[in-house]
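Just remember that the working numbering sits 43 ahead of the position in the sequence shown, which is counted from 1.
C-beta atoms are modelled at their ideal positions from N, C-alpha and C, and glycine is treated no differently.
Single-structure report; data block below.
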Amino acid sequence: MVTSKARRNLIARQSGEHCHEYSQILFGWRGQMECEFHKESGQLSNGTVAIIPEHTAHLFSGLNDDCELLVIDLALSDPYIQALEQACNTSFKDTLFQQPEFVSLNSEILPLLDFAAKQLLSTKDQLNPQLNCQLVSLFMTQLCQMSAPNLTLSLTHNRLDIARLNDFIDQRLSNPPSNSELANALYVSESHFYCLCQSQLGMTPQQYLMSRRMQRANFLLTNSKITLAILAAELGFADASSFSRSYKKYYHKTPSHARRLLGL
Numbered sequence: 044m045v046t047s048k049a050r051r052n053l054i055a056r057q058s059g060e061h062c063h064e065y066s067q068i069l070f071g072w073r074g075q076m077e078c079e080f081h082k083e084s085g086q087l088s089n090g091t092v093a094i095i096p097e098h099t100a101h102l103f104s105g106l107n108d109d110c111e112l113l114v115i116d117l118a119l120s121d122p123y124i125q126a127l128e129q130a131c132n133t134s135f136k137d138t139l140f141q142q143p144e145f146v147s148l149n150s151e152i153l154p155l156l157d158f159a160a161k162q163l164l165s166t167k168d169q170l171n172p173q174l175n176c177q178l179v180s181l182f183m184t185q186l187c188q189m190s191a192p193n194l195t196l197s198l199t200h201n202r203l204d205i206a207r208l209n210d211f212i213d214q215r216l217s218n219p220p221s222n223s224e225l226a227n228a229l230y231v232s233e234s235h236f237y238c239l240c241q242s243q244l245g246m247t248p249q250q251y252l253m254s255r256r257m258q259r260a261n262f263l264l265t266n267s268k269i270t271l272a273i274l275a276a277e278l279g280f281a282d283a284s285s286f287s288r289s290y291k292k293y294y295h296k297t298p299s300h301a302r303r304l305l306g307l
């Protein structure tokens with residue numbers, strides 16, 4: 044793919060696995076969809092975004108009949124994208140697409156999702172280069188602004204309150220919080236919270252959240268006979284199979300194998 048484009052994608056209750064030669068940005072718009080990378084997973088709903096670098100495998104599973112995304116397929120070799128990078132004095136590959144991650148849009152940006160969806164619906168039967176350039180540049184520049192480090196805050200004088208963070212996460216295991224909710228709980232901006240997690244924990248916020256979920260999962264698996272379906276619900280997974288995939292990726296063994304080792 045040489046030309047980048049913005050489009051709507053009705054997922055409904057479809058599921059599967061994709062791996063593209065181009066980068067993607069998936070904007071949750073209507074309904075909910077589970078999205079899973081190699082090291083972390085998250086749920087897309089209105090205002091939640093999955094940033095997917097090229098050649099990154101990702102599983103997806105729509106959770107509602109009306110689940111629909113706004114998608115930007117981004118080819119870094121696209122002359123328009125290269126011109127946009129030059130105009131913004133940035134590199135999308137070195138900023139947005141360093142690794143797969145989930146982010147939350149600021150409340151000021153949310154109305155743009157409805158605007159984009161309506162515009163794309165009105166031109167769904169024909170290619171509109173002007174609209175395509177407008178939407179791609181609009182969302183790419185907004186995301187770059189969000190990801191820019193907060194230069195007014197010094198990381199050397201700010202540290203995460205790990206106890207508070209863990210307490211907030213543990214209270215929300217059945218409904219895992221977004222990066223924005225985690226940052227709000229610690230009274231810092233989302234971009235600064237992300238930087239603190241990277242510098243202090245050596246992982247992204249969602250990777251740390253997944254580690255807490257997996258620690259709790261392992262405790263329940265090895266200290267109770269709770270069914271996988273109930274355990275999955277308590278830890279915020281769509282179903283037992285989704286939980287089992289995440290558990291196996293994290294611990295390199297299946298939940299059933301973990302129980303057999305303890306004779307449960």
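Distance, residue j Cα to residue i Cα
i: ILE269; j: ASN261; result: 12 Å
i: TYR237; j: PRO248; result: 6 Å
i: GLN129; j: LYS48; result: 19 Å
i: ARG202; j: GLN243; result: 7 Å
i: HIS81; j: ASP157; result: 31 Å
i: THR91; j: LEU271; result: 27 Å
i: LEU304; j: ASP210; result: 30 Å
i: THR265; j: HIS235; result: 37 Å
i: THR133; j: PRO298; result: 44 Å
i: PRO219; j: ALA276; result: 11 Å
i: SER58; j: ALA281; result: 12 Å
i: LEU174; j: LEU274; result: 46 Å
i: GLY71; j: ASN149; result: 13 Å
i: PHE135; j: PHE145; result: 16 Å
i: CYS176; j: LEU139; result: 18 Å
i: GLN214; j: PRO122; result: 47 Å
Supposed contact pair residue j and residue i - C-beta distance, whole angstroms, cut 8 Å
i: LEU216; j: LEU278; result: 5 Å
i: SER29; j: SER147; result: Lying before the first or after the last residue shown, residue 29 is absent from the chain, which here runs from 44 to 307.
i: ILE68; j: ILE94; result: 6 Å
i: MET76; j: LEU112; result: 7 Å
i: LEU229; j: ARG207; result: 6 Å
i: CYS62; j: ALA100; result: 4 Å
i: GLU64; j: HIS98; result: 6 Å
Residue i - containing beta strand (DSSP E), residue span
i: ILE115; result: 111–117
i: ALA49; result: 48–53
i: ILE68; result: 66–73
i: PHE145; result: 144–147
i: ILE94; result: 91–95
i: PHE103; result: 101–105
i: SER285; result: First-last for SER285: 283–294, but that is the alpha helix (DSSP H), not the beta strand (DSSP E).
i: GLN308; result: The chain is shown only over 44 to 307; residue 308 falls outside these bounds and no answer can be derived.
i: SER84; result: 84–87
i: GLU79; result: 76–79
Check whether residue i and residue j have beta carbons under 8 Å apart
i: ALA160; j: ARG255; result: no
i: ASP109; j: ARG73; result: yes
i: LEU127; j: SER66; result: no
i: ALA283; j: TYR294; result: no
i: PRO143; j: PRO172; result: no
i: GLY105; j: ILE54; result: yes
i: VAL45; j: SER120; result: yes
i: LEU178; j: GLN188; result: no
i: LEU252; j: ILE205; result: no
i: GLU83; j: GLN250; result: yes
The alpha helix (DSSP H) enclosing residue i, as first and last residue numbers
i: HIS300; result: 298–304
i: LEU252; result: 248–266
i: CYS238; result: 233–239
i: CYS62; result: Counting along the chain, CYS62 falls outside any alpha helix (DSSP H), and DSSP gives it neither H nor E.
i: LYS161; result: 153–165
Touching or not, the segment 174–185 and the segment 284–299, by the rule of three or more beta carbon pairs under 8 Å?
-> no
On the three-pair Cβ rule with 8 Å, is the segment 72–91 touching the segment 116–126?
-> no
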